[in-house]
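Following: one structure in structure tokens, then a few remarks.
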Ligand SMILES: Nc1ncnc2c1ncn2[C@@H]1O[C@H](COP(=O)(O)OP(=O)(O)OP(=O)(O)O)[C@@H](O)[C@H]1O
Ligand SMILES: [Mg+2]
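Residue numbers (the numbering used here), protein chains in the order written: chain V, 117 to 962; chain F, 12 to 260.
See the structure below:
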């Protein structure tokens, strides 16, 4: 039996490869994600351990809670602690260091803003033994107030060399100019995971970072014979309670973990895309095997008649599945290495630079490729294979082996029940905001129900969609008939397309609603004329001096900065916003429902009404907020507000409270309102002029702000759609495959048609229209489903800021038409094959 | 062995020195070996001969379904060698009709749709009067909405015959049209072909193994080893049997 199976495979090499590719693409996403993740982890692990070289113990502020967003934000300590530590027996050397914000400007004055990575200003270690792998590649370390040393990547990209002058912006103040004393390397790397870095001697660093007399980290080296753990214990003993001593291993471990956690989102997202692709691929495999089994019905019946047992038959079909699965795994693994590279490019395009090193291919990745490739293929082939064994031996003697099959009752009932349960759930989710549970359950049930019932929908859909096609002539009429003649086959081919398209359309609905929500918030809650932000989406913020500068402008009536931070409340990490209570209400309407924003005092907090309700807080209650640097702070609940969309945070404190608890001094946003009688344009002009010295501040009016936000959402949507496009592509491969198999099956019929006068052109048109019809069915189902799911999802995300539901019309239509039109492409090869059918085959076959 | 001489005007089709080789070199099979034959307009001709004698090959080459290795085939006065696939297809569609031994019908189309198929492929509709005449002649008026799977073998062959006639072709070719039918269905089909020749003046070329079928024809051409070995006008069943015996012995 194995022979029979393998012979069958060899005879259909092309189809084997085509089928395998559909799964391989999904597998390649899985392996690509793993390879990229492993490579990045390995790279960062090495980098952090290199950086920690020579340092045995690090002293730092003890964060009240750790979380990827708070890492490295320990509170500064007096420089005197360094001396205390130095005196601990067993300490060979100890040196204090500082890290803060420093944004370099290129030679034309444009900020050098890396995508996702920070712009660091650091102190340069005098004890080179404590400097880890950081060392000058050219020039020397900085010394004195006028000097800096910059990372090699920045120097290379922007053409800085020792001796050049460079301007640098800090958290406060206009750009200051320095001489580049040296260019720094980080072991083999040119920068720290994409971050830019400007180093100063400690004194200068304290000045520019506004940390006079302070350090935020002490690097300690042990004398010979003292273990890091021993040293850590000794150092810890002399430290005050708000400081901690940790070994380098701990520091490196935390840093790597932070990177991994940061990547977690991307990993999940990429694996999500892989899942969609694999689901689509599974449909294709299932379909291919169903057709193969149907076509081989007679062969199987004959084998049964001459004594093959059911198990042998099952084995023979599954052998083919195993071969395809193995091929898919192998192809997917190879492709995965390419995908890893492509994904890295994708991350780079959103600003996350990953240093290049050797690709990490771990055994786990190989195992995952095998398990996914084989698993999905086998699972998808199982039902068709089982059906092959149900063929009675007598079928060998019948004229037609595959009688028209109707949908099993169980499937109709299951599909019906799912739809009947899913649609109301979806409707319920659409009817009100934030009904996430109903949206999820409704989506899943509707989705599955539609998949189960799709074959029943094929005939009516073919009838309707095919009507205009049939009017085009005999080729169109035949195409319509062919599309409807094997509803299950058409359904599963179309379903594959439906899945991919539904996700794309749903994403579009969510994205459009997101954009509309931004515009709506601006319309509803914003009272400012200008919005000032850092010019890069990913920059930390803008210097506080910028706001001070504007307060002096006669055109500016109100200038109100906003800052953010991460806190923990009852063990859950959340965001806190900080505003100037006196001016905030003049630039924004946050829907205060109790208390008064202008009266908010420094020891008080305002809380989103929902949040207060969940915690059961009342006005005047004492609320404990845990800040990463200052720990638990008890604040009085002074009011509640209902509109969190503009603020983007459930907690609101004063700017002074923010300064007392966070070390960062950058404003996230500055809202400006024109003085009485000043036209908005005049305000904009004078604000821009006043901020000429702050190159990293973007000044936008509300229209510009909306446009910028839309552009960001569009960019993200584009990225997601590119990834989902893969699933659509696989689905189109499915159309190719199904058509090719159908053409093969209809060789005689095609020959007959050719004999009685169907031209090659008509044959091609017929196959092409069939492809378009199948694709159109997938498009229609996918678009409708996508609109429903997207609407439910957008409504469910109301709490995340999607307050307005906007269903796009044009874009889904474009997608649907494009997908249907892609059917033409999918039909090219099968149509050509069909046109080449030997006319005589119909006459002489059998 | 000269066929009855006819003028060009009354010749529906003719083969001149038709030769067909299958395969190459020593192992080549000479399916047709210099066949020259004319088919007069309005005549019902039967082609007979032992299995493998080249009957189907001749028919396919005459009908533009296959190409000759050398020689020429004319439909009326149109030479068909060198015609493009497209021209051949249009020739088949518009000027020729076929009935094969089996598998004549598109399974997804009804009987009526199958009958109209060549016209629809040309973007035309059937002339209703002619459609009724043809359908009436094959006795299928009440089966028109059925699909092939719902028709008996004999009915299917009659649908095929109706399809072959719907375009009023210059020649109707049939390759063992009764081969898969029982004697009664076969007789019905033959009666229909005979009527087509008599009433509509339809030119028919039919390959058959059945002497009784051949006896309904106006003329019987005998093939053996790719050559014409006999050519008789209305030989009657006895004459045919004699000729077959001669060939067999
Ligand atoms: N495609 C082909 N390839 C090779 N040889 C062929 C092919 N078709 C026919 N032949 C050979 O050509 C010769 C004539 O075949 P043809 O089918 O014309 O015979 P026939 O008279 O129709 O026989 P039958 O009465 O059995 O139908 C035979 O020897 C056959 O083996
Ligand atoms: Mg034959």
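Every residue, glycine too, gets a C-beta built ideally from N, C-alpha and C.
Task: Beta carbon proximity, residue 136 (chain V) to chain F, threshold 8 Å - done: no
Open item on the list: According to DSSP, is residue 112 (chain F) part of a helix, a strand, or is it coil?
Closed with: coil
Open item on the list: Checking 8 Å against the spacing of the C-beta atoms, do residue 300 (chain V) and residue 334 (chain V) come in under that value?
Closed with: no
Open item on the list: With a threshold of 7 Å (Cβ to nearest heavy atom), would residue 67 (chain F) be considered close to ligand 2?
Closed with: yes
Task: Terminal residues of the alpha helix (DSSP H) in which residue 804 (chain V) lies - done: 796 to 806
TODO: Give, in chain order, every residue of the region 575 to 603 of chain V whose Cβ lies closer than 9 Å to some Cβ of chain F.
DONE: 589, 590, 591, 593, 594, 597, 598, 600, 601
- [ ] Could you name the residues of the same chain whose beta carbon sits closer than 6 Å to that of residue 548 (chain V), not counting the 5 residues immediately before and after it, in chain order?
- [x] none
Open item on the list: Run through chain V and tell me which residues come within less than 9 Å of residue 33 (chain F), C-beta to C-beta.
Closed with: Residues of chain V passing the Cβ test: none, with the nearest at roughly 12 Å.
TODO: Measure how close the beta-carbons of residue 817 (chain V) and residue 796 (chain V) come, nearest whole angstrom, since I'm counting them as under 8 Å.
DONE: 6 Å
Task: Coarse secondary structure for residue 5 (chain F), derived from DSSP in three states - done: Residue 5 (chain F) lies beyond the range of chain F shown here (12 to 260); nothing can be said about it.
TODO: State the Cα-Cα distance for the pair residue 658 (chain V) and residue 827 (chain V), rounded to the nearest angstrom.
DONE: 21 Å
- [ ] Could you tell me the distance, in whole angstroms, from the CA atom of residue 899 (chain V) to the CA atom of residue 730 (chain V)?
- [x] 38 Å
TODO: Answer with buried or exposed for residue 454 (chain V), where buried requires no fewer than 16 other C-beta atoms within 10 angstroms of its C-beta.
DONE: exposed
TODO: For residue 855 (chain V), decide whether its Cβ has a neighbour in chain F, counting only Cβ atoms nearer than 8 Å.
DONE: no
TODO: For residue 871 (chain V), return the contacting residues in chain F, with the cut-off set at a CB-CB distance below 7 Å.
DONE: 76, 103, 109
- [ ] Count the other C-beta atoms from every protein chain shown that fall within 10 angstroms of the C-beta of residue 111 (chain F), then say buried if there are 16 or more, exposed otherwise.
- [x] buried
Open item on the list: Beta-carbon within less than 7 Å of residue 594 (chain V)'s beta-carbon, same chain only, minus the 5 sequence neighbours each way: which residues are those?
Closed with: 882
Task: Inside the region 579 to 620 of chain V only - alpha helix (DSSP H) runs reaching at least 4 residues - done: 590 to 601
- [ ] Consult DSSP for residue 212 (chain V) and reduce its assignment to one of helix, strand or coil.
- [x] strand
Open item on the list: Against residue 138 (chain F), what residues of chain V qualify as contacts under a CB-to-CB distance less than 9 Å, listed in chain order?
Closed with: Correct list: empty, because the minimum Cβ distance to chain V is about 17 Å.
Open item on the list: Taking the straight line between their C-alpha atoms, what separation do you get for residue 824 (chain V) and residue 525 (chain V)?
Closed with: 53 Å
Open item on the list: For residue 238 (chain F), would you say it is in contact with chain V, using Cβ-to-Cβ distances shorter than 8 Å as the test?
Closed with: no
Task: Backbone CA spacing between residue 753 (chain V) and residue 641 (chain V) [nearest angstrom] - done: 23 Å
Open item on the list: Please report the straight-line C-alpha distance between residue 294 (chain V) and residue 328 (chain V), rounded to a whole angstrom.
Closed with: 19 Å
- [ ] Determine whether the Cβ of residue 411 (chain V) lies closer than 8 Å to any Cβ atom of chain A.
- [x] The chain inventory of the structure shown lacks chain A, comprising the protein chains V and F.
TODO: Go through its chain and collect everything with a Cβ distance to residue 113 (chain F)'s Cβ below 6 Å, but skip five positions before and after it.
DONE: 191
TODO: Starting from the beta carbon of residue 174 (chain F), find every residue of chain V whose beta carbon is closer than 8 Å, and list them in chain order.
DONE: 872
- [ ] Please check if any C-beta of chain F sits within less than 8 Å of the C-beta of residue 831 (chain V).
- [x] no
TODO: At 7 Å on the CB atoms, spell out the chain V contacts of residue 157 (chain F), in chain order.
DONE: The contacting residues do not exist; residue 157 (chain F) stays about 15 Å from chain V at best.
Open item on the list: Taking contact to mean 3 or more Cβ pairs, one atom from each stretch, closer than 8 Å, check whether the region 24 to 32 of chain F and the region 888 to 902 of chain V are in contact.
Closed with: no
Task: Below-8 Å beta-carbon distance, residue 886 (chain V) vs any chain F residue - done: no
TODO: Consider the C-beta atom of residue 64 (chain F) and the heavy atoms of ligand 1; say whether any pair is separated by less than 7 Å.
DONE: yes
TODO: Mind checking which residues open and close the beta strand (DSSP E) that includes residue 216 (chain F)?
DONE: 214 to 218
- [ ] Give the straight-line distance between the Cα atoms of residue 176 (chain V) and residue 347 (chain V), rounded to the nearest whole angstrom.
- [x] 15 Å
Task: Interface residues of the region 474 to 507 of chain V facing chain F [CB-CB below 7 Å] - done: none
- [ ] Determine, using beta-carbon pairs with one atom in the region 496 to 510 of chain V and one in the region 410 to 421 of chain V, whether at least three such pairs fall under 8 Å.
- [x] yes
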